[in-house]
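Chemist:
In the working numbering, the protein residues as written are 7 to 340.
(1) Using the Cα positions of residue 81 and residue 114, report the straight-line distance between them to the nearest angstrom.
(2) What separation, rounded to the nearest whole angstrom, lies between the Cα atoms of residue 268 and residue 85?
(3) With H, G and I counted as helix, E and B as strand and the rest as coil, what does DSSP make of residue 244?
(4) If distances are taken between C-alpha atoms only, which option among 181, 223, 170, 218 comes closest to residue 201?
(5) Below 8 angstroms on the Cβ atoms is my contact criterion, and I expect residue 227 with residue 247 to pass it. Report the Cβ-Cβ distance as a whole number of Å.
(6) Between the Cα of residue 110 and the Cα atoms of 93, 131, 98, which residue gives the shortest distance?
(7) Helix or strand or just coil, what does DSSP make of residue 209?
(8) Give the straight-line distance between the Cα atoms of residue 224 and residue 264, rounded to the nearest whole angstrom.
(9) Run through DSSP, which three-state label would residue 288 get?
(10) Does DSSP put residue 335 in a helix, a strand or coil?
(11) With burial defined as no fewer than 16 other Cβ atoms inside 10 Å of the residue's Cβ, what is the status of residue 342: buried or exposed?
(12) Nearer than 7 angstroms: is that true of the beta carbon of residue 132 relative to any heavy atom of the ligand NAD?
(13) Of the choices 222, 272, 124, whose alpha-carbon is the least far from that of residue 244?
(14) Using a threshold of 8 angstroms, state whether the C-beta atoms of residue 255 and residue 236 are closer than that.
(15) Classify residue 335 as buried or exposed, calling it buried when 16 or more other Cβ atoms lie within 10 Å of its own Cβ.
(16) Determine which residues share a DSSP beta bridge with residue 153 and list them.
(17) Count the other CB atoms, across all protein chains shown, that sit within 10 Å of the CB of residue 53; report buried if there are 16 or more and exposed otherwise.
(18) Which same chain residues end up closer than 7 angstroms to residue 58 when comparing Cβ atoms and leaving out the 5 residues on each side of it in sequence?
(19) So residue 78 packs on residue 103, CB below 8 angstroms; how close in whole Å?
(20) Tell me, to the nearest whole angstrom, how far the beta carbon of residue 330 is from that of residue 185; I am working on the premise that it is less than 8 angstroms.
(21) According to DSSP, is residue 65 part of a helix, a strand, or is it coil?
(22) Do residue 216 and residue 133 have their C-beta atoms within less than 8 angstroms of each other?
(23) Within the continuous beta strand (DSSP E) that includes residue 105, where are the two ends?
(24) Buried or exposed: residue 304, going by 16 or more other Cβ atoms within 10 Å of its Cβ?
(25) Measure the C-alpha to C-alpha separation of residue 314 and residue 49 and round it to an integer number of angstroms.
(26) Let me check understanding here. Comparing Cα to Cα, which of 160, 321, 195, 270 lies closest to residue 288?
(27) What is the residue span of the beta strand (DSSP E) that residue 82 lies within?
(28) Taking the alpha-carbon positions, what's the residue 298 to residue 238 distance?
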């Protein structure tokens, strides 16, 4: 087992990633054995979706409990502010549901969407939490030109497409506490940011995305960050064939994370030779090639516009494997 603390270079010239204000969480400050209760009206409080316009979803709207695919579809479409609570196992057959702006979609414990994928096209201010999403015929969650979106405590697997696909200049997104698994497409990534170099005009200065405390397990390619500004911390990658691929001048900080049992590829790499990364306090077990050699970084830097709370690397595997996915419990006053 090797722990890496160095700044890492992934291209011919690079942009350093500057740490803003990480705050280390100790066992005294966080109860590792008990999940904090959430509410249906929580706003995003972590990463990029917490800045430049709050992501509050449908905060303040009447709680709408749905038990059928028809009820779910009617509740989440359109632009009316809404808090939609999935209460049960909803099953479709290749259904893709368009999600409108200003929505909070929450799953009660044990709830799921099977054969139902979500499309967030031009959607703003959307929160999706505590759902199991599986067996979709297309990409499980698609964001196109979305902004201020929080995906939290989801369990996503067994999609015929990607698990999450983010494109067309989507921005200010946080993807946190999720479990991604059951993805075996050799030529695709489980989570993909950016469609192609051909969309560079609409993608310029977009894709500000935070990935925190996610669990990738038994996927071929975990995450591709084609371009944009990323922040990955306290994440666990177990048995991926390849880890994080940063391309086309993407700039990503990877810190206090664990790559355990990487297969034939690198843990953090740039397949096109144009991506930049800083890697700090990250443990890698296995990997065909861990990281490219170090080299001088330019003075250009990325400053993250938020503070963040972070676990010590030694706690990542224990905490993330226990609490990622559909693990929330909700307080309710209904």
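Note that CB positions come from ideal geometry on N, CA and C, so glycine has one too.
Modeler: Checking against the coordinates, here is how it stands:
(1) For residue 81 and residue 114, the distance between alpha carbons rounds to 16 angstroms.
(2) Cα-Cα distance, rounded: 43 angstroms.
(3) strand
(4) It is 170 whose Cα lies nearest to the Cα of residue 201.
(5) 7 angstroms
(6) 131
(7) helix
(8) 14 angstroms
(9) strand
(10) coil
(11) Because residue 342 is not part of the residues shown, which for the chain are 7 to 340, the question remains open.
(12) Ligands are entirely absent from the displayed structure, and the ligand NAD is therefore not among its contents.
(13) Nearest of 222, 272, 124 to residue 244, Cα basis: 222.
(14) no
(15) exposed
(16) 130, 177
(17) buried
(18) 178
(19) Beta-carbon to beta-carbon, residue 78 and residue 103 are separated by about 7 angstroms, close enough to satisfy the 8 angstroms threshold.
(20) 5 angstroms
(21) In this structure, DSSP gives residue 65 a state outside helix and strand, which the three-state scheme calls coil.
(22) No, the Cβ-Cβ distance between residue 216 and residue 133 is not below 8 angstroms.
(23) Counting along the chain, no beta strand (DSSP E) covers residue 105, and no H or E run does either.
(24) Since pLDDT at residue 304 reaches only 38, below the 50 mark, its modelled position is unreliable, and the value read off the structure follows with that caveat. Exposed, because fewer than 16 other Cβ atoms sit within 10 Å of the Cβ of residue 304.
(25) Separation of residue 314 and residue 49 (C-alpha to C-alpha, rounded to the nearest whole angstrom) is 16 angstroms.
(26) 321
(27) Per DSSP, residue 82 belongs to no beta strand (DSSP E); it is in the alpha helix (DSSP H), 75-82.
(28) Since pLDDT at residue 298 reaches only 45, below the 50 mark, its modelled position is unreliable, and the value read off the structure follows with that caveat. Near 18 angstroms, if we compare the C-alpha coordinates of residue 238 and residue 298.
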